[in-house]
Every structure is written in structure tokens, then in C-alpha cells.
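In my numbering, the protein residues as written are 27 to 420. One structure is given below, encoded as C-alpha cells.
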């Protein structure tokens, strides 16, 4: 069925996918003529043609302490990246650095100026209006944190995200910015995101994004859809497409699947991930997968052989050699390939089309943000307790 479907096969990678399985799945689809791959949230404004500096946390997490002004756009870092948020709080306490927020007004554990709820506020700020615009203009090390909630709008389309990135880049390229400082910082909420973007697990060769893949499936124009641990999408809209789920936990995607190929959790395999600042990280297997489950890349390799398109690697070492040959920076473990300051300045000159749009964090429940957490009884209890405390406070 997969072989016959050809370019009518799509693949969406979930939040916990490692580089190895995404690379293998991309190669599998390429072998049958499909470029329909995506690792981004629905309707993300992160364009495949954008430079790497447009989708990483350029100043680095440690670099937060060098900032002399911080703007947070469409993000709740306390929920999306709690340790990173602690670094912001540390900087605020040590230097009383001015902080402003555009998006949801929430308790971040430090004081900030609340500027507004959406895109129109950002556009006004980028036009130089308001007291905080003057603060950013005079800053030597401005830090502009852009959350995925500001660049991914399932109901409003991709242009909102693209324009948000452009305005954030403009603010990060102020007139007094210190030489060599790159303050544009995209904050991802998924472990798979940067690694997937680095290897091009995005639409190519006529492929379409995750939201459009699901729409095509709903219309009967996509025959097969791979969900690589993808549980963050509307499975009810996938129509009669043949859904293949590869993952470790029976979450939302698995309940819709026609075929489930049991994969390994991150603790049960060796995998490569790239964090939000672009740092390459490698995990080592702690325990073997239970039962018949296998490492995800090995499942894809076996599947490629079954359809007569065997991938050219039979071991993890061979697979990684192929990855490193194509993407050399992924071989530099625990290192960061720095983003270009010039690229950010260029992004900031893009024409703006959006007029208004609300910003909201993609992480709605701190304790249930991924399939493994949602399968945990302990995390479920924590979520229920937090909801009760929130209701009592209201």
C-alpha cells in the first residue's frame, strides 16, 4: 500500500522524535517520491527557506545573563522551559533588567511590563512607539524571546508567524546592539523541533505542511499518513487515510492508527536531539524496549526493505555516519553552531502583511505536555491538583 501510494504518503513527527528516526523516515518517503514531511506545529510560520538563526535561541541559555533588556513574545517560559525561566529570574534579580511581555498575562515569578496581547502590540513596538521601544533601542544586548505560540497559528495561517519573526528580528537588530550580539531567541517547546528543522524534516519537492497533510487526508487525497509519535494533531480530521503510528505510548495518534508499530521511548534508545539553542545532544539507552518494541529507526529500516526500497544502513553507527556526512554540525556533540547576526538583520527587513492576531502559549497544561507525561498517573495527579488550586484562586 505504501509503495503504491507514492507521493500521496505524508509523515508528521511528534514532539519527542529523535533525529535518527526522522532522518530515516524522510529518506523512506524520498525513496517513493514524496516530500511530505513536517516536524512543525500546525500552520507554523517557520519557513524552510529561513536560515538556521531564524529558529534557534541564538544568545544561548547562558547568554540570558548578558541581556540588558528582555522582551517575551507569545510565550509562557515558566511552563514551556522552567529552567530557562529560572535563568531569566536570576538575571532580573541580579541586574534589575527591564522585562516586557506581549501575549498572555501570567505569573512568571518576576516583574514585567505587560504591553498587550497580540501582533498589533508587537507591530506598534517595532514602529518605535512606547517607553519599552526606547529601552530596546538603547540596549546593547537586547533579548527578544519568541515562543512557538507566536509563530504557530492553526486558525490564522502561516503569515502571522512569519511576520512575527520579522518584527522580532527587527527589534533584535537595534541601532545600539553590541558587535557580535545576536538577541533573537526562538523558544521551542518540543525536543524534536530543532533537530527536525536541521535535517530538513519539512515540506520539500512539492510536499505540504502538517496541517495541509491532514486536510488532504480528510479529503481523500492522501493515501497513507505516518505519525512518528505525533499526538498533538486533530486525528478526527484525517478522513479515511491509512494511518501508520510509530511510537512508544498509546496516545492520541495511536487511537486513530490503522497500524501501530511499537517504538522505543527516549530512555529505551540512543538518540540525537538538538535543543532550543541549537546544541547537539545525545542520549544513551538505559533499558531495552519492552516486548516486541524496537528502536524507531530500525522499524523504518525494516519497513523500507519490505517495500523494496531498503535504506543503506543496517546499524545505528551506519545511520549516524550518513547523518554526519550530510549534516556535519550534528557530529559536534554538545556544541552550538552559532546563528548569523546578518541573517537576523535581513529577516527584520521583510514586508509585513498581518494586521492583528492574538498570542497564546502552546503549552496549556504544564504536567501533561507530552505523551509520556499524559501516560503517567503521577503527572495526572499533579495536573488535577494544579487545576484545583487554580480554580480555588479564581
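The beta-carbon is built from N, C-alpha and C at its ideal position, and this holds for glycine as well.
Beta-carbon proximity check, residue i vs residue j, cutoff 9 Å
i	j	result
residue 215	residue 39	no
residue 67	residue 171	no
residue 82	residue 220	yes
residue 61	residue 229	yes
residue 181	residue 374	no
residue 111	residue 135	yes
residue 239	residue 380	no
residue 378	residue 291	no
residue 188	residue 351	no
residue 360	residue 307	yes
residue 356	residue 313	no
residue 368	residue 213	no
For residue j and residue i, the rounded distance between their alpha carbons
i	j	result
residue 282	residue 247	18 Å
residue 73	residue 50	22 Å
residue 289	residue 325	8 Å
residue 270	residue 395	22 Å
residue 205	residue 165	12 Å
residue 243	residue 249	7 Å
residue 196	residue 302	20 Å
residue 163	residue 95	10 Å
residue 413	residue 401	18 Å
residue 131	residue 358	39 Å
residue 295	residue 233	30 Å
residue 309	residue 124	37 Å
residue 318	residue 275	14 Å
residue 236	residue 178	12 Å
residue 392	residue 168	28 Å
residue 405	residue 411	10 Å
residue 338	residue 52	13 Å
residue 65	residue 56	16 Å
residue 105	residue 133	10 Å
residue 34	residue 284	17 Å
residue 416	residue 122	29 Å
residue 58	residue 335	8 Å
residue 321	residue 315	8 Å
residue 353	residue 194	28 Å
residue 109	residue 403	23 Å
residue 84	residue 364	7 Å
DSSP state of residue i mapped onto helix, strand, coil
i	result
residue 240	helix
residue 253	strand
residue 390	coil
residue 131	coil
residue 97	strand
residue 203	coil
residue 369	helix
residue 362	strand
residue 284	coil
residue 339	coil
residue 40	coil
residue 277	coil
residue 213	strand
residue 299	strand
residue 410	helix
residue 262	helix
residue 138	coil
residue 145	helix
residue 322	helix
Cβ separation of residue i and residue j, assumed to be a contact under 8 Å, to the nearest whole Å
i	j	result
residue 263	residue 279	That pair is no contact at about 13 Å.
residue 208	residue 349	About 26 Å; that fails the 8 Å criterion.
residue 137	residue 158	13 Å between Cβ atoms; not a contact.
residue 362	residue 327	30 Å between Cβ atoms; not a contact.
residue 383	residue 145	4 Å
residue 191	residue 80	6 Å
residue 173	residue 69	With 8 Å as the limit, residue 173 and residue 69 do not qualify as a contact, their Cβ atoms being about 15 Å apart.
residue 298	residue 46	6 Å
residue 225	residue 254	At roughly 13 Å, the Cβ-Cβ gap does not stay under 8 Å, so residue 225 and residue 254 are not in contact.
residue 37	residue 63	5 Å
residue 100	residue 176	3 Å
residue 48	residue 222	5 Å
residue 93	residue 117	6 Å
Same chain, Cβ closer than 8 Å to residue i, five either side skipped, listed in chain order
i	result
residue 141	126, 127, 128, 147, 151, 156 and 158
residue 120	91
residue 258	40, 41, 67 and 278
residue 251	35, 36, 37, 38, 239, 240, 243, 264, 267, 268, 269 and 270
residue 390	none
residue 386	100, 129, 130 and 175
Neighbourhood of residue i by C-beta, 6 Å cutoff - its chain only, sequence neighbours within 5 removed
i	result
residue 54	326 and 330
residue 286	271 and 280
residue 388	174, 175 and 215
Same chain, Cβ closer than 7 Å to residue i, neighbours up to 5 away in sequence not counted
i	result
residue 333	28 and 29
residue 114	90, 96, 103 and 136
residue 266	246
residue 366	77 and 79
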